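Here is the structure we will look at, set down as structure tokens.
Residue numbers (the numbering used here): 1342 to 1719.
Right under this line is the structure:
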């Protein structure tokens, strides 16, 4: 009897020590204890190293919670989802990673994008999951490690540890959204759990601007077939001889950019492409910030322009008057690249006689997620 009691004390101490090493909260320790009990482990501390036992026990905890839930009760359904989220966070914190299905994808079919990819200094907008009025609170990322995401809030808030929050991050042309739980808060810095369950909500809205920019466009598939002539090398080996007729760099075709909407371009060209194809796009920029005066010649002002180059994906194609109107989404742009295109669009509006109200409307629309841009063929 004394030996059994001693073993129990030793097991409990080991469990507590492992939990401390992994930075588990009291709630997470309690949840992991339930999981270990459901897994029927003789030594509960083994749960820290046995991923199969964790998954078995976690499934048992979720099933038991579901049996106690009232059918059709929204509150119990929300609590069930919260429990699943807590288990997901706990699984990741133990170093087991996110559970995968046999297909190699996430068991819930979620994107491989994770919150660990959000750079320090970026703005996040957080809101409580259970808030009656969903008010976004602006925050700035100050630390992003493998284990946690730390942000500084623009205003002080009352925090309930373990409470679920919804976070939005505007990344280039997309809006990320994910759920997370609060790990700690010192009145200034809010520390959140990471999430591999990033959702992509409606795209940012970009005002469409009519332009006329000289451009060149070329097909850019990942792989293309070509014929290869083979000749003998000095040592008797066969060496490939590239021919300009059978193997060459991408072939550019003249084009005109007629519309801009953030990363979306409307291009008119004789190049015949299909929806989903990759293309290379090169175009000149006009507007404030894209050209500067370098001097004067006999004909007037001499300016130095900028040239933009990027890979794009064809979203829509329409034949018009002997050419093709191609909607392209530029896919390699960073946040700063998108911002520069927005500045160019602003300058085009000003040159076209747009009012200050139009410019203000454009600035506000940049933070909205609504209807698709020109890149989606609308």
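Each residue gets a CB set at the ideal place from its N, CA and C atoms; glycine is no exception.
Note that the structure is a prediction, hence the values are computed from the model and not measured.
Quiz item: Would the beta-carbon of residue 1508 fall within 8 Å of that of residue 1521?
Solution: Taking the chain shown and counting its residues from 1, the one referred to as residue 1508 is at position 167. Taking the chain shown and counting its residues from 1, the one referred to as residue 1521 is at position 180. Residue 1521 sits close to residue 1508, with the two beta carbons spaced by under 8 Å.
Quiz item: Quick one, are the C-beta atoms of residue 1484 and residue 1461 less than 8 Å apart?
Solution: Numbered from 1 along the chain shown, position 143 holds the residue referred to as residue 1484. Numbered from 1 along the chain shown, position 120 holds the residue referred to as residue 1461. Yes, Cβ-Cβ distance for residue 1484 and residue 1461 is below 8 Å.
Quiz item: Whose C-beta lies closer than 7 Å to the C-beta of residue 1389 among residues of the same chain, with five residues either side of it excluded?
Solution: Locating residue 1389 in the chain shown gives position 48, where the first residue counts as 1. Within the same chain, 1359 and 1435 come within 7 Å of residue 1389 by CB-CB distance, once the 5 residues on both sides are set aside.
Quiz item: Where does residue 1398 land, buried or exposed, given buried means 16+ other C-beta within 10 angstroms?
Solution: Locating residue 1398 in the chain shown gives position 57, where the first residue counts as 1. The residue in question, residue 1398, is buried, as its Cβ has 16 or more Cβ neighbours within 10 Å.
Self-check item: the segment 1491-1498 touching the segment 1370-1377, judged by at least three CB pairs closer than 8 Å
Solution: Contact between the segment 1491-1498 and the segment 1370-1377 is absent: fewer than 3 CB-CB pairs across the two stretches fall below 8 Å.
Quiz item: How would you label residue 1379, buried or exposed, when you count the other beta carbons within 10 angstroms and need 16 or more for buried?
Solution: Translated into positions along the chain shown, residue 1379 becomes position 38. Buried is the call here.
Quiz item: Helix or strand or just coil, what does DSSP make of residue 1662?
Solution: In the chain shown, the residue the question calls residue 1662 occupies position 321. In the three-state scheme derived from DSSP, where H, G and I count as helix and E and B as strand, residue 1662 is classed as coil.
Quiz item: If you check the beta carbons only, do residue 1620 and residue 1669 fall under 8 Å apart?
Solution: Locating residue 1620 in the chain shown gives position 279, counting from the first residue. Locating residue 1669 in the chain shown gives position 328, counting from the first residue. In this structure, residue 1620 lies near residue 1669, with their beta-carbon atoms less than 8 Å apart.
Quiz item: If residue 1486 sits next to residue 1467, beta carbons under 8 Å apart, how far is it from one beta carbon to the other, in whole angstroms?
Solution: Within the chain shown, numbered from 1, the residue matching residue 1486 stands at position 145. Within the chain shown, numbered from 1, the residue matching residue 1467 stands at position 126. Actually they are not in contact, since the Cβ atoms of residue 1486 and residue 1467 sit about 18 Å apart, beyond 8 Å.
Quiz item: From residue 1357 to residue 1423, what does the alpha carbon distance come to, in whole angstroms?
Solution: For the purposes of this step, residue 1357 is taken as residue 16 along the chain shown, with counting starting at 1. For the purposes of this step, residue 1423 is taken as residue 82 along the chain shown, with counting starting at 1. Their Cα atoms are separated by approximately 24 Å.
Quiz item: Less than 7 Å between the CB of residue 1521 and some heavy atom of the ligand FMN, yes or no?
Solution: As presented, the structure is devoid of all ligands, the ligand FMN included, so that no description of it is given.
Quiz prompt | Burial state of residue 1649 (16 or more Cβ within 10 Å) | solution = For this step, residue 1649 is matched to residue 308 along the chain shown. Flag for residue 1649 reads buried.
Quiz item: Would you say the segment 1596-1606 touches the segment 1547-1559, given that touching needs at least three Cβ pairs under 8 Å?
Solution: Verdict: yes, contact present.
Exercise. State the DSSP-derived secondary structure class of residue 1534, mapped to helix, strand or coil.
Key: As a first step, residue 1534 is located in the chain shown; it is residue number 193 there, counting from the start. It is coil, neither helix nor strand.
Quiz item: Near residue 1594, which residues of its chain fall below 8 Å by C-beta distance, leaving aside the five closest residues on each side in sequence?
Solution: In the chain shown, the residue the question calls residue 1594 occupies position 253. Within the same chain, and ignoring the five residues on either side of residue 1594 in sequence, the residues whose Cβ sits closer than 8 Å to its Cβ are 1557, 1558, 1559, 1610, 1611 and 1612.
Practice problem: Could you tell me the distance, in whole angstroms, from the CA atom of residue 1354 to the CA atom of residue 1471? | Solution: Reading the chain shown from its first residue, position 13 is the one you call residue 1354. Reading the chain shown from its first residue, position 130 is the one you call residue 1471. Spanning the two alpha carbons is a distance of roughly 37 Å.
Quiz item: Who are the near neighbours of residue 1430 in its chain, counting only those whose CB is closer than 7 Å to its CB and skipping five residues on each side?
Solution: Residue 1430 sits at position 89 when you count from the first residue of the chain shown. Closer than 7 Å at Cβ, skipping near neighbours: 1522 and 1534.
Self-check item: Contacts around residue 1425, its chain only, beta-carbon distance under 7 Å, and the 5 residues preceding and following it disregarded
Solution: By 1-based counting over the chain shown, the position of residue 1425 is 84. So the list reads 1403, once near-sequence residues are dropped.
Self-check item: Option nearest residue 1561 by Cα separation, candidates 1405, 1623, 1524 and 1530
Solution: Sequence index remark: in the chain shown, residue 1561 carries index 220 (1-based). Closest in alpha carbon position to residue 1561, among 1405, 1623, 1524 and 1530, is 1623.
Quiz prompt | Where residue 1605 falls: helix, strand or coil (DSSP) | solution = The residue labelled residue 1605 in the question sits at position 264 within the chain shown. In the structure shown, residue 1605 adopts extended strand secondary structure according to DSSP, grouped into three states.
Quiz item: Considering only the beta carbon of each residue, do residue 1492 and residue 1531 sit closer than 8 Å?
Solution: On the chain shown, residue 1492 is found 151 positions in, with the first residue counted as 1. On the chain shown, residue 1531 is found 190 positions in, with the first residue counted as 1. Inclusion of residue 1492 and residue 1531 in the CB contact set at 8 Å is warranted, their separation being smaller than that value.
Exercise. Could you tell me the distance, in whole angstroms, from the CA atom of residue 1427 to the CA atom of residue 1512?
Key: Walking along the chain shown from the start, residue 1427 turns up at place 86. Walking along the chain shown from the start, residue 1512 turns up at place 171. Rounded to whole angstroms, residue 1427 to residue 1512 spans 26 Å at the Cα level.
Quiz item: For the putative contact between residue 1625 and residue 1646, defined by C-beta atoms under 8 Å, what is the C-beta separation to the nearest angstrom?
Solution: Looking up residue 1625 in the chain shown gives position 284. Looking up residue 1646 in the chain shown gives position 305. Contact flag correct, Cβ pair sits at about 5 Å.
Practice problem: For the beta strand (DSSP E) holding residue 1623, just list the boundary residues, first then last. | Solution: Mapped onto the chain shown, residue 1623 falls at position 282. Per DSSP, the continuous beta strand (DSSP E) segment holding residue 1623 begins and ends at 1619-1626.
Quiz item: Is residue 1616 closer than 8 Å to residue 1658 when the C-beta atoms are compared?
Solution: Here residue 1658 refers to the residue found at position 317 of the chain shown. Here residue 1616 refers to the residue found at position 275 of the chain shown. With contacts defined as CB atoms closer than 8 Å, residue 1658 and residue 1616 qualify as a contacting pair.
Quiz item: Nearest to residue 1653 by alpha carbon, out of 1566, 1606, 1528 and 1457?
Solution: Looking up residue 1653 in the chain shown gives position 312. In terms of Cα proximity to residue 1653, the closest of 1566, 1606, 1528 and 1457 is 1606.
Quiz item: Sorted by chain position, which residues of the same chain lie with C-beta nearer than 7 Å to residue 1386's C-beta, five sequence neighbours on each side aside?
Solution: Along the chain shown, one-based indexing puts residue 1386 at 45. Taken in chain order, the residues that qualify are 1352, 1355, 1356 and 1359.
Exercise. Look at the alpha carbon of residue 1519 and the alpha carbon of residue 1368, and state the distance between them as a whole number of angstroms.
Key: To locate residue 1519, count along the chain shown from 1; it is residue 178. To locate residue 1368, count along the chain shown from 1; it is residue 27. Residue 1519 and residue 1368 have their C-alpha atoms roughly 21 Å apart.
Practice problem: Quick one: grab the DSSP three-state call for residue 1379. | Solution: Residue mapping note: residue 1379 aligns to position 38 of the chain shown, counting from 1. In the displayed model, residue 1379 falls within a helix according to three-state DSSP.
Practice problem: Measure from the alpha carbon of residue 1529 to the alpha carbon of each residue in 1565, 1510 and 1482, then state which is nearest. | Solution: Looking up residue 1529 in the chain shown gives position 188. The shortest C-alpha to C-alpha distance from residue 1529 to any of 1565, 1510 and 1482 is the one to 1482.
Practice problem: Measure from the C-beta of residue 1659 to each C-beta in chain D and report whether the shortest distance is under 8 Å. | Solution: Protein chain content of the structure displayed is limited to a single chain, and chain D is not contained in it.
Self-check item: Contact set for residue 1478: own chain, Cβ-Cβ below 8 Å, skip 5 residues either direction
Solution: The count along the chain shown starts at 1 and reaches residue 1478 at position 137. Closer than 8 Å at Cβ, skipping near neighbours: 1466, 1467, 1468, 1494, 1495, 1496 and 1498.
Exercise. Would you decide whether residue 1563 is buried or exposed? Buried here means 16 or more other CB atoms lie within 10 Å of its CB.
Key: For the purposes of this step, residue 1563 is taken as the residue at position 222 of the chain shown. By the Cβ-count criterion, residue 1563 is exposed, with fewer than 16 other Cβ atoms from all chains shown falling within 10 Å of its own Cβ.
Practice problem: Determine the burial state of residue 1433: buried for a count of at least 16 other Cβ atoms within 10 Å of its Cβ, exposed for fewer. | Solution: Numbered from 1 along the chain shown, position 92 holds the residue referred to as residue 1433. By the 10 Å Cβ count, residue 1433 comes out buried.
Quiz item: Going by the CB atoms, is the gap between residue 1376 and residue 1437 shorter than 8 Å?
Solution: The count along the chain shown starts at 1 and reaches residue 1437 at position 96. The count along the chain shown starts at 1 and reaches residue 1376 at position 35. In this structure, residue 1376 does not lie closer than 8 Å to residue 1437 by Cβ.
Quiz prompt | Selection from 1382, 1362 and 1490 that minimises the alpha carbon distance to residue 1349 | solution = On the chain shown, position 8 is the one that residue 1349 refers to. For residue 1349, the nearest C-alpha among the options comes from 1382.
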